[in-house]
Amino acid sequence: MEKISRNLKKLLSLCLLFQMSSIVYAKTLHSELVEYLQTKYTQQGQEYPILIMDQDEIDLRYAVGNATGDDDESEKRRAQILKAYVAEQIGVELSDTEASSLEPYTHVLKEGAYAVPLFNNYTDKKYKICSVFPASTNSNIRLETHRILGLDTPGAYPTDMFFRLKEHIPFDILKMYSVLHELGHCLDKTFMPAAYSNYEPSAHDVHESESFAETFATFMLIKEGHANWAQTRALYRNLYTRYMGQWFVDNPHNGFGNPLYLKGGVIYYLSPSLLEANYVIKRNRDIKEKSVAEYIQLAEDVVNKNALDFRAFQGIWRTFGEDTEEVLDFYREFSFDSPGLFQKAFEQITAFLDFSPYLERKIVGDFRAPELLGSQPLLSLEEERRVLVELITDYQNTQSEMQGEARRELLREEIFSRIDLLRENLEQAFDAPYEAQKKQKEFLDYIWAEVLKV
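Just so we're aligned: the sequence shown equals residues 8 to 461 in the numbering used here.
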């Protein structure tokens with residue numbers, strides 16, 4: 008019996024060893040993508056190595072090394088594991104401090120995507136290594152869209168914004184866009200180094216850096232044989248600026264003193280560069296055949312001509328917290344007095360104010376009560392609309408949850424009562440009967456579309 012027991016233990020040990028070997032050598036789709044991009048695109052003649060972190064591989068090493076906890080000891084073990092991983096992958100020896108500075112991006116911050124340079128020293132600002140941290144692999148099209156647009160930010164968007172989007176970028180494209188964007192940061196020889204040249208990077212420098220990375224990623228997607236998603240991506244970035252730009256200004260306490268926080272919405276106003284990239288792609292039939300170095304130069308050219316001017320950046324940001332007409336008057340006056348300094352800024356600010364609402368309607372349609380109805384007193388109607396949508400959702404849930412008829416009837420009554428309230432408010436808001444009828448119809452068409460779902 009004892010001999011059988013020993014043999015059984017040996018068999019179990021062999022099975023466990025085989026299982027662990029399978030885990031180690033079986034690559035996930037994410038790992039295969041990382042390996043492919045690492046091999047093909049990270050060596051572009053730069054003076055420093057680039058490493059695209061394979062989070063699936065790193066997570067496995069953390070699990071094997073008993074380093075998944077949130078305690079200090081686990082954090083130290085993760086830093087040492089990461090230090091060994093970097094040395095194994097690209098032959099760079101990190102100090103304990105450097106490894107510890109990268110560790111958060113593989114654990115508490117791993118839901119996001121980042122490009123993180125480490126410097127040889129803080130005087131010459133030359134990179135020792137630039138690390139790419141792709142976004143969480145445990146995701147899908149909805150989660151990734153939520154991440155890019157900030158749809159989970161409390162109070163920033165209507166709760167159903169994902170379902171309002173008229174265009175969705177497929178998950179595989181979102182994922183590739185994200186990795187190539189961060190790789191673009193590491194290959195950027197101009198804008199990202201400029202952003203890091205000061206102790207505290209300026210928001211405008213970061214805007215130019217983000218514009219470059221986004222434009223580069225757009226070109227690289229074409230090289231990889233994907234469709235041109237520049238226009239849809241421009242609509243996404245514009246939507247982020249429209250909603251999150253206002254939210255950042257309205258919620259300054261959430262920034263915890265971060266100097267870039269308040270201007271986060273304008274930093275990611277990448278639409279002008281993306282729309283120019285779209286034009287470049289359509290104009291150049293041989294765009295797919297260009298080298299990575301040529302894409303880098305193309306992206307630089309696009310950013311230099313289309314990213315926001317420093318003064319325009321400041322002016323657009325001011326429109327989220329100040330009276331728009333006063334901001335326009337300020338820049339209009341200076342554009343007359345000092346056209347060399349303010350003319351381009353004034354043109355970009357007016358272009359944003361005129362064109363940005365149009366781009367928003369292209370991706371989510373007309374649903375904002377203030378813009379659709381053209382009347383400031385009607386701001387409360389947006390809240391009424393949100394309540395109505397929530398009621399409709401509740402009604403649909405009662406159907407799926409087989410709740411009582413009485414509950415459904417109460418919800419139906421509440422829904423139609425809300426519609427009557429909207430109609431009354433609309434009638435009171437306009438002096439001209441024809442205009443009132445026209446605006447009522449536009450607004451109620453949307454409401455009825457929601458009600459018909461019931």
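Built from N, CA and C at the ideal position, the CB exists for glycine as well.
Item                                                                                                                            : Value
DSSP three-state assignment for residue 59, whether helix, strand or coil                                                       : strand
Cβ-Cβ distance between residue 186 and residue 310 below 9 Å                                                                    : no
Simplified DSSP state of residue 164, which is helix, strand or coil                                                            : coil
Runs of beta strand (DSSP E) wholly within the segment 109-151 (minimum 3 residues, chain order)                                : 121-126, 134-140
Residue 407 (DSSP reduced to helix, strand or coil)                                                                             : Annotation note: pLDDT 44 at residue 407 (below 50); position unreliable, coordinate value reported separately. Three-state DSSP puts residue 407 in a helix.
Limits of the alpha helix (DSSP H) - the one that residue 248 falls within                                                      : 237-257
Member of 65, 307, 111, 120 whose CA lies at the smallest distance from the CA of residue 95                                    : 65
Cβ-based neighbour list, residue 208, same chain, cut-off 6 Å, excluding 5 preceding and 5 following                            : 202
Closest Cα partner of residue 121 within the set 282, 162, 301, 137                                                             : 137
Closest by C-alpha distance to residue 319, when choosing among 215, 284, 206, 254                                              : 215
Distance, residue 241 Cα to residue 278 Cα                                                                                      : 4 Å
Rounded separation between residue 252 and residue 347 - CA only                                                                : 28 Å
Where the alpha helix (DSSP H) containing residue 175 begins and where it ends                                                  : Unbroken run through residue 175: none, as it is neither H nor E.
Three-way DSSP call (helix, strand, coil) for residue 322 in this model                                                         : helix
Cβ shell of residue 225 (< 6 Å), same chain only, five flanking positions each side left out                                    : 237, 284
Contact belief for residue 349 with residue 341 at Cβ below 8 Å, rounded distance in angstroms                                  : 4 Å
Euclidean distance between Cα positions of residue 270 and residue 255                                                          : 7 Å
Helix, strand or coil at residue 341 according to DSSP, with G and I counted as helix                                           : helix
Delimiting residues of the alpha helix (DSSP H) encompassing residue 357                                                        : 346-371
Three-state secondary structure assigned by DSSP to residue 277                                                                 : coil
Alpha-carbon to alpha-carbon, residue 229 and residue 286                                                                       : 13 Å
Between the CA atoms of residue 371 and residue 239 - distance to the nearest angstrom                                          : 12 Å
Inter-residue Cα distance where the pair is residue 170 and residue 343                                                         : 45 Å
CA-to-CA distance, residue 140 to residue 60, given in whole angstroms                                                          : 5 Å
Identity of the residue in 48, 181, 45, 152 nearest residue 167 by Cα                                                           : 152
DSSP state of residue 103 mapped onto helix, strand, coil                                                                       : helix
Per-residue burial, residue 182 [other beta carbons within 10 Å of its own, 16 or more giving buried]                           : buried
Which of helix, strand or coil DSSP assigns to residue 84                                                                       : helix
Cut-off 6 Å between Cβ atoms - residues of its own chain near residue 210, not counting five sequence neighbours on either side : 267, 270, 274
With 16 other Cβ atoms within 10 Å as the buried cut-off, status of residue 78                                                  : exposed
Own chain, CB closer than 7 Å to residue 157, minus 5 neighbours either side, in chain order                                    : 163, 247, 251
Candidates 249, 68, 160, of which the one nearest residue 365 by Cα                                                             : 249
Which of helix, strand or coil DSSP assigns to residue 222                                                                      : helix
Assigned exposure category for residue 68 - 16 Cβ within 10 Å defines buried                                                    : buried
Distance, residue 339 Cα to residue 205 Cα                                                                                      : 31 Å
Distance CB(residue 106)-CB(residue 89) smaller than 9 Å                                                                        : yes
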